[in-house]
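Let me begin by presenting the structure, written as structure tokens, before commenting on it.
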Amino acid sequence: MSIFHGLSAFPITPANEHGVVDMEGVMRLTAHLSANGVDSIGLLGSTGTYAYLSRTERCRAIRAAVKTVGGKTPLIVGVGTLRTDDAQNLARDAAAEGADGLLMAPVSYTPLTQEEAYQHYKAVAEVTSLPICIYNNPATTHFSFSRDLLERLANVPNIAAVKMPAPTEGTVAQELAELRSSPVGKLAIGYSGDWIAAEVLLAGCDGWFSVLGGYLPKLAKAMVIAAHEGDVRAVNQYQQVLEPMWALFREFGSLRVAYAAVNLLELSSTQPPRPILPLTSKDQRRVEDALKACTAL
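Residues -4 to 292 (our numbering) are what the sequence shown spells out, left to right.
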């Protein structure tokens, strides 16, 4: 199995109002995830607000995480950015700081063509020996990977995985079967979108890229184990208990909920980068109620 299999937990990146990373906060969060048995940590993903951090601060975040979990839990680092040469530099930085793998989103201001995205990924893959996971998340990047593009990228050396969103048509099981029967099948195929956790895990995806895992790793890991053991009843029970949390994710976006949860659990004391605003006190109480339901398991 590759580092892109199993539960990949995506924590926030605590930072101050000026975007300076709280290295001790990163160390505390990543240590918590590692101690609770996650299979990998997705640092500087969307939940880790990579797009809001400078190159220097990204390096500081990686350095802090490596200091804490290096050699214990694989560290997958986000290197998405607008320019190809900048993404190449971020990939080099991540390798130099001790990352085990990379996650890259097709970030753009001017919408990318399929060929532009292909050349972007290929260029970054050529400057690193680290395995790369394709970040396929149209909700945040506004870019949709065609099946043809995924198949082309699957043949690029060092591209080892793809992080898929919920399918727009059909079921996860149907999509997974189609992908595995195509050239994309040589990649580890994982899914994000926590509210479809039960479906993706029971469908047998290779990896679950989880926001929940970034602050409730023990619960997320238990759900993964239950799915691997074929305990459909347990997986569905977890899904039912988590529904209030998933409803908050759908209403506010998982990022805002993650910040509220991390603060309520006293894993950190930080706010999302502006212009993103924290949840209101009323909505934070809803997050607290959802957390209580989860921690009662």
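Using N, Cα and C, we set each Cβ at its ideal position, and we do this for glycine too. Quick caveat: nothing in here was measured; it's all calculated off a predicted structure.
**Request:** Taking only the alpha-carbon atoms, compute the straight-line gap between Glu92 and Gly248 and give it to the nearest angstrom.
**Result:** For the purposes of this step, residue 92 is taken as the residue at position 97 of the sequence shown. For the purposes of this step, residue 248 is taken as the residue at position 253 of the sequence shown. About 30 Å.
**Request:** Kindly confirm or deny that the segment 162 to 180 and the segment 223 to 237 touch, where touching means at least three C-beta pairs closer than 8 Å.
**Result:** no
**Prompt:** For His27, which residues of its own chain have a beta-carbon under 8 Å away from its beta-carbon, when the five flanking residues on both sides are left out?
**Reply:** For this step, residue 27 is matched to residue 32 along the sequence shown. Within the same chain, His27 has close Cβ partners Pro212 and Leu262.
**Item:** Check: Met22 C-beta below 8 Å from any heavy atom of the ligand ADP
**Value:** No copy of the ligand ADP appears in this structure; indeed no ligand is present at all.
**Asked** Which whole-angstrom value describes the C-beta separation of Gly96 and Pro69, a residue pair presumed to lie in contact below a C-beta threshold of 8 Å?
**Response** Stepping through the sequence shown from its first residue, residue 96 is reached at position 101. Stepping through the sequence shown from its first residue, residue 69 is reached at position 74. About 7 Å separates the two Cβ atoms, so the contact holds.
**Request:** Measure the alpha-carbon distance for Thr51 versus Val16 and round it to whole angstroms.
**Result:** Within the sequence shown, residue 51 is the residue found at index 56, counting from 1. Within the sequence shown, residue 16 is the residue found at index 21, counting from 1. If I take the Cα positions, the gap works out to 9 Å.
**Asked** For Gly180 versus Ala149, is the C-beta spacing smaller than 9 Å?
**Response** Along the sequence shown, one-based indexing puts residue 180 at 185. Along the sequence shown, one-based indexing puts residue 149 at 154. Cβ atoms of Gly180 and Ala149: closer than 9 Å.
**Straight-line Cα distance separating Pro270 from Arg175** = As a working note, residue 175 is residue 180 in the sequence shown. As a working note, residue 270 is residue 275 in the sequence shown. Straight-line Cα distance between these residues: approximately 40 Å.
**Message:** Quick check: what's the CA-CA separation for Thr275 versus Ala192?
**Reply:** Taking the first residue of the sequence shown as position 1, residue 275 is located at position 280. Taking the first residue of the sequence shown as position 1, residue 192 is located at position 197. Using only the alpha carbons, I get a separation of about 27 Å.
**Request:** With a 10 Å radius around its C-beta and 16 neighbouring C-beta atoms as the bar for buried, classify Thr76 as buried or exposed.
**Result:** Reading the sequence shown from its first residue, position 81 is the one you call residue 76. Buried: at least 16 other Cβ atoms inside 10 Å.
**Message:** Tell me which residues share the same chain as Ala90 and place their Cβ nearer than 6 Å to its Cβ, disregarding the 5 neighbours each side in the sequence.
**Reply:** To locate residue 90, count along the sequence shown from 1; it is residue 95. Around Ala90: Thr123 and Leu125.
**Item:** Residue range of the unbroken alpha helix (DSSP H) whose run includes Ala155
**Value:** Counted from its first residue, the sequence shown places residue 155 at position 160. Looking at the DSSP string, Ala155 is not in any alpha helix (DSSP H); the run it does join, the beta strand (DSSP E), is Ile154 to Met159.
**Item:** Spatial distance of Leu24 from Gly208 (CA atoms)
**Value:** Along the sequence shown, read from residue 1 onward, the residue named residue 24 stands at position 29. Along the sequence shown, read from residue 1 onward, the residue named residue 208 stands at position 213. In a straight line, the C-alpha of Leu24 is about 11 Å away from that of Gly208.
**Asked** Leaving out the 5 sequence neighbours to the left and right, which residues in its chain are closer than 6 Å to Ser3 when beta-carbon positions are compared?
**Response** Reading the sequence shown from its first residue, position 8 is the one you call residue 3. Counting only Cβ-Cβ distances below 6 Å, and skipping sequence neighbours, we find Ser35, Gly37, Gly202 and Phe204.
**Through-space distance from Leu197 to Leu214, alpha-carbon basis** = Counting from one through the sequence shown, the residue named residue 214 turns up at place 219. Counting from one through the sequence shown, the residue named residue 197 turns up at place 202. Each residue's alpha carbon lies about 16 Å from the other.
**Item:** Between the CA atoms of Asn31 and Glu19 - distance to the nearest angstrom
**Value:** Along the sequence shown, one-based indexing puts residue 19 at 24. Along the sequence shown, one-based indexing puts residue 31 at 36. For Glu19 and Asn31, the distance between alpha carbons rounds to 18 Å.
**Asked** Cβ of Ala222 within 9 Å of Cβ of Ala183?
**Response** The residue given as residue 222 occupies position 227 in the sequence shown. The residue given as residue 183 occupies position 188 in the sequence shown. Not closer than 9 Å, so no.
**Message:** Just to confirm the assignment: which complete beta strand (DSSP E) runs, minimum length 3, are found wholly within the segment 103 to 161?
**Reply:** 127 to 130 and 154 to 159
**Asked** In whole angstroms, what separates the C-alpha of Ala295 from that of Ala291?
**Response** Outside the displayed span of the chain (-4 to 292) sits residue 295, for which this structure offers no information.
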